[in-house]
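Protein chains in written order, with the numbering used here: chain A, 1 to 342; chain B, 1001 to 1342; chain C, 2001 to 2342; chain D, 3001 to 3342.
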């Protein structure tokens, strides 16, 4: 019998992406879907693209019988998630896609999210969900905190380089280009088609983006001393995909070799031959992350470009990968779908 | 001294388009801009693309001194417009871009807009603003009602054909493709980039779109008997532009000749050679409407395709064209800007 | 052991889409890929989005050992396909995605394609590949001719209506909106991003589009007398998807009921509740076709809207569905992937 | 009588953009248009969006009577331009939009363009066309070499900073995002809508982009010593616009003040208040360049973002601005068109 899955917050893009992926997963069955304001609706009314699936009707969270659930994905907004997860049965495995449990440190959380954390015990318990680097912890965890999509992209480019000590830790720069689905299905003027299509601009520039909290936490932990990176996200007229152009000081060939070695056995992380750089069009809709490295005419400079789909590898695909580990299912199950192109 | 212009509802797309056009108009000066919820802001804060212009700060309507205004464009939402215009000084010339005064008949208004008209006297006074067909009335008018953008497109394709009696009045079909700016700058989920880009769907299909009220009124008036057309609008992943594919029964060559003759002297309406059909990319940002006619392998069928920019010729450009007439300025002044391509 | 599959013409979009779909098919293995000008390259060099797959290197057709192949997909250009297929071993099952074998009649072929057919025996042998209507023939066939993508969309909307006699056969109109991938991966000025994005226009209008040959053939066969439809395709700034707005004269409720009954057991054809119309965004990347019916304020008119993904249900997905039948595999195998949204 | 203008290479995007701009220029008249392969066609056949203009038919260059021409815009491909310009009458004022005369140094030209310059005398004569920094030279020039569009964007962000000595000259990084029209109207697979829309990737990364030749030349000249910047261009799914994110080491407030002071009197260069960054949507179709500066949480870092329209301020608008100077016309004539939004 397949594992019984609940998805809280199923009316957002990451919730729908979880349903899309689980739909072809051989060992999971969606048993409950919640959406507070849309409770009572069929999922097909909220997301007609899922019309072909037999899915439970959307419920309020307190209507769900969690005794019948093996694992719960929580795709709720930041902030409200803490209380919801605290109220769930302790027997439930939980993969959280919000930002609430990404930061291990209470002060860091308060700094980046502007309010104290209300569930410090859960914060202490949660495992950071960057699968390729926390596999054992995730396998044993009850509560896994999915990473930020931008944070995942930057870390795939940088973690092995910081760990290997092959780049200057004081001069790392991430210029990131993100598709609009990362902003969610919220009716905001700035996300309208007429506002966004055909143009680009920065957002949360100047050291203000919250995913910097994750970069700080993880890079400092790896380096064994404080590391701060510079980070400028840009919004692009595309729905899916993140491209991070990461500028480092170090030998480009060494950088490339370090990444190649680090990801040699990884099913989802693919390092291109030296000098080739990846494109977001080649990973859309998939759980793959492509990485490339190039040098510069200025000696001692290297550029790492990493691309992934923010809704898949950056969020719901990562979450499913983690859930597989937590349930003892082979890690790639349900995740080897090819990208869609064109 | 240039004419002093006020724009009510300047925080929407049609308001901003008016500012864009008037910016290079030699005989008009923008003296007042209103935006209820954004009163107090600079226009450049609401529309940074207008940053280079010296413009008055946004005000509430009742803060405007209309004694200093020659002509007022009213780009307010449907419904609220009636009361606003009724409260304006009678000495003011007004070009209304809302739907409130398009329908001459009180019952028709109530039918299509779901509520009785509150200003029947103004409704009786207003002139329908399809410039090429109401030039004399507009020149003499105090209050001109701008047409619907879809309604304008369909009428440019059909009015001469109905007037000349060269098509079957009982079998007219308008399949229309519209860009998203026609829906305005309103934060709705259905207008998000992530929802719209890369796809298409119908809206208000099945005889429900309100611009049918205009088609009914105008076509029946021309024909001297009731005429009802079939009309299916589609939303496309483009910001500007309408393409109306109009299916008629009649001789295609005659249809083409009729349109060619009707628009021979028109500066903004251009009929392509027989057999050529126009593209929206060729009119974006301009006040031009291109029309083409083609026959079919089935005898007695013709297809007329009309394209225009919904924000320019379909709305703000038309409004400026009418304002020119009302102020005694040459009709094309400020409106001969070339389209933008690519 | 899985069935061994060859794909001829793997460097085009339909070839790549076949690879994408077969990648997760449990009973097929890609044994050979051909691409004339790109022979010698890895598939990942031509389509980097397939980088994660272990695939045979691209070959010239005559380098392929067809003795080891069970079924061959032929995704070559129209015209050249005939000779290629004639030279393949008779023992090979073939699904052709070109236009070469769609028309049963030699004269019709010559009329629409401008040259005589060079393989009349194969033309006589080929089965028309619209799966839902030729299941038995396809199951028994050696050579199946995939339909045009526009032709498939229009037929899904119309075949049951013509068969049931519930619409006027002399007044059928298909206004179709198509994404650009249908034009293939050919370097033409008219297909450039700068030319297409943000605009729309017709193509092959006026009864000239070659898919009319398929409509004529199939509709006349069903009706038992000549049927000619009017057909206007439009190119839209989207990569995948076709939306056909089909105008018929008949009772809308009857039209809806007829389609609902006809497709009740079909896994890929889904008729929405009466009055709801589908969107292309809801089928992108999938083998589903959604259909909707609405009436009009004018009695006796109905509009049927059908949407599908031109590369999947309109081409490569259909081809795989047919291949499943020809190989005795359950028809939906490998084809139940959910659409991608957003 | 207006100045008589010729445009060589009128069948490309920059040629068409020149026509668009000159169409509303009060003191210029287009007297000749050349397009080698399209000679004999009307401009409206090549660019239907210019249909409303009375324009000379396209000719071959040697058919043009240059005696009647005051100023010639040369929008021909790189490489072929040299010989063409050498053959033009010496009495003719020329604004070249190609790359052929941008680099002052023969060796630098050979290095970046892979072949020796064939017209060293003209190379020596040509003035670099970055208007705001070479006004006097341009006013007096016979031959002006338009800058690269990326090169212009980066220079607007950096020149005053290098001149004022407020940034570290050895650590300048330009991460640039460019729309596709910059690649021209050439039928290449990589420029297809199906390839580009909805994704992004780098191009000419790693110190290989030819506009680096211009950066090197200009920045070294200003600094009085060699300056090399790092430069990574990205292609975005948008038609017009460049956004350059420029990373410098220096005090952000000083950087902002330096730019503000430098551009205080410039009609087309607009520096936003400190901490605000510009968007490409706000300059599309116009000759404006918006610049913004923000600091970082890491002290001593600043980010300058500059946006402009590659076809206007980055190419044809700049060319017209230079032509105005060369002809003694006020510099902003014909160039104050507002951007188009949305």
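Where a beta carbon is used, it is the ideal one built from N, C-alpha and C, also for glycine. Predicted, not measured: the structure shown is a model, and the values here were computed from it.
Return the chain-ordered ranges of every beta strand (DSSP E) run that is complete within the region 3167-3196 of chain D and spans a minimum of 3 residues. Complete beta strand (DSSP E) runs here, min 3: 3173-3178.
Cβ-based burial, residue 2226/C [other Cβ within 10 Å; buried from 16]: It counts as exposed.
Alpha-carbon to alpha-carbon, residue 1017/B and residue 168/A: Rounded to whole angstroms, residue 168/A to residue 1017/B spans 50 Å at the Cα level.
Does the distance from the CB of residue 243/A to the CB of residue 335/A come in under 9 Å? For residue 243/A and residue 335/A, no; Cβs fall outside 9 Å.
Mind checking whether residue 67/A and residue 33/A have CB atoms under 9 Å apart? Not a contact, by the Cβ cut-off of 9 Å.
Exposed or buried, which one is residue 1120/B when buried takes at least 16 other CB atoms within 10 Å? The residue in question, residue 1120/B, is exposed, as its Cβ has fewer than 16 Cβ neighbours within 10 Å.
Helix, strand or coil for residue 2022/C per DSSP? The answer is helix: DSSP assigns residue 2022/C an H, G or I state.
Whole angstroms are fine: how far does the CA of residue 1142/B sit from the CA of residue 1126/B? For residue 1126/B and residue 1142/B, the distance between alpha carbons rounds to 8 Å.
Are any of the Cβ atoms in chain B nearer than 9 Å to that of residue 3282/D? It does; some Cβ of chain B falls within 9 Å.
Given a threshold of 16 other Cβ atoms within 10 Å of its Cβ, counted over all protein chains shown, does residue 3115/D qualify as buried or as exposed? By the neighbour-count rule (16 or more Cβ atoms within 10 Å), residue 3115/D is not buried but exposed.
Segment contact, 8 Å Cβ cut-off, at least three pairs: the region 1137-1152 of chain B with the region 1317-1329 of chain B: The answer is yes - the region 1317-1329 of chain B touches the region 1137-1152 of chain B, with three or more Cβ pairs under 8 Å.
Excluding the five sequence neighbours on either side, which residues of its own chain have a C-beta within less than 7 Å of the C-beta of residue 1263/B, listed in chain order? For residue 1263/B, same chain residues with a beta-carbon under 7 Å away, outside a window of 5 residues either side, are 1269, 1271 in chain order.
Once the 5 residues before and after residue 1108/B are set aside, which same chain residues still bring their CB inside 8 Å of it? Answer for residue 1108/B: 1213, 1216, 1217, listed in chain order.
Which residues does DSSP pair with residue 3/A in a beta bridge? Residue pairing by DSSP places residue 3/A opposite 28/A in a beta bridge.
Can you tell me where the beta strand (DSSP E) holding residue 3232/D begins and where it ends? Unbroken beta strand (DSSP E) run through residue 3232/D: 3230-3235.
At 7 Å on the CB atoms, spell out the chain D contacts of residue 2197/C, in chain order. By Cβ distance, chain D contributes 3193, 3197, 3239.
For a contact meaning CB atoms closer than 8 Å, what does residue 3016/D contact in chain B? Here the neighbours are 1341.
Own chain residues within Cβ distance below 8 Å of residue 3201/D, not counting five before or after: Here the set comprises 3234, 3235.
Min CB distance residue 3294/D to chain A below 9 Å: For residue 3294/D, the answer is yes, since a Cβ of chain A falls inside 9 Å of its Cβ.
Using a Cβ-Cβ cut-off of 9 Å, state whether residue 2245/C counts as contacting chain A. Judged by the 9 Å Cβ criterion, residue 2245/C is not in contact with chain A.
Name the residue from 273/A, 57/A, 299/A, 310/A whose alpha carbon lies nearest to the alpha carbon of residue 240/A. Here the closest residue by C-alpha is 310/A.
Straight-line Cα distance separating residue 24/A from residue 2315/C: Cα-Cα distance, rounded: 22 Å.
I want to see whether chain A comes within less than 9 Å of residue 1297/B, judged by CB atoms only; does it? Output row for residue 1297/B: interface = no.
Counting along the chain, where does the alpha helix (DSSP H) carrying residue 3135/D start and finish? For residue 3135/D, the uninterrupted alpha helix (DSSP H) segment begins and ends at 3135-3140.
I need the straight-line Cα distance from residue 3277/D to residue 155/A, nearest angstrom please. Counting only the Cα atoms, residue 155/A lies some 26 Å from residue 3277/D.
Do you know offhand how far residue 1099/B's Cα is from residue 1124/B's? Straight-line Cα distance between these residues: approximately 14 Å.
Whole-number beta carbon distance between residue 3321/D and residue 3152/D, since they are thought to touch under 8 Å: Taking C-beta atoms under 8 Å as the contact rule, residue 3152/D and residue 3321/D fail to qualify, at a distance of about 11 Å.
Does at least one heavy atom of the ligand GDP sit under 8 Å from the Cβ of residue 3152/D? With respect to small molecules bound, the structure shown includes none, and the ligand GDP cannot be examined in it.
What does the alpha-carbon distance come out to for the pair residue 2020/C and residue 2029/C? C-alpha of residue 2020/C to C-alpha of residue 2029/C: approximately 12 Å in a straight line.
Can you look up residue 2053/C in the DSSP assignment and give me helix, strand or coil? Residue 2053/C sits in coil when the DSSP states are folded into three classes, being neither helix nor strand.
Test: residue 3208/D CB closer than 9 Å to a CB of chain A: It does: the Cβ of residue 3208/D has a partner Cβ on chain A nearer than 9 Å.
Please state whether DSSP places residue 1313/B in a helix, a strand or coil. Note: residue 1313/B maps to helix in three-state DSSP.
From 1037/B, 1117/B, 1182/B, pick the residue whose C-alpha is nearest to that of residue 1097/B; which is it? The option with the nearest alpha carbon to residue 1097/B is 1182/B.
Could you list the residues in the region 3160-3192 of chain D with a C-beta less than 9 Å from some C-beta on chain C, going in chain order? Against chain C - using a Cβ distance shorter than 9 Å - the residues of the region 3160-3192 of chain D are 3179, 3180, 3181, 3183, 3184, 3185, 3186, 3187, 3188, 3189, 3190, 3191, 3192.
Since residue 1291/B and residue 1337/B are thought to touch, with beta carbons under 8 Å apart, how far apart are those beta carbons, to the nearest angstrom? Rounded, the Cβ-Cβ distance is 20 Å, inconsistent with contact.
On a Cα-Cα basis, can you pick out the residue from 1303/B, 1171/B, 1280/B that is closest to residue 3048/D? Restricting attention to 1303/B, 1171/B, 1280/B, the CA atom closest to the CA of residue 3048/D is found in 1280/B.
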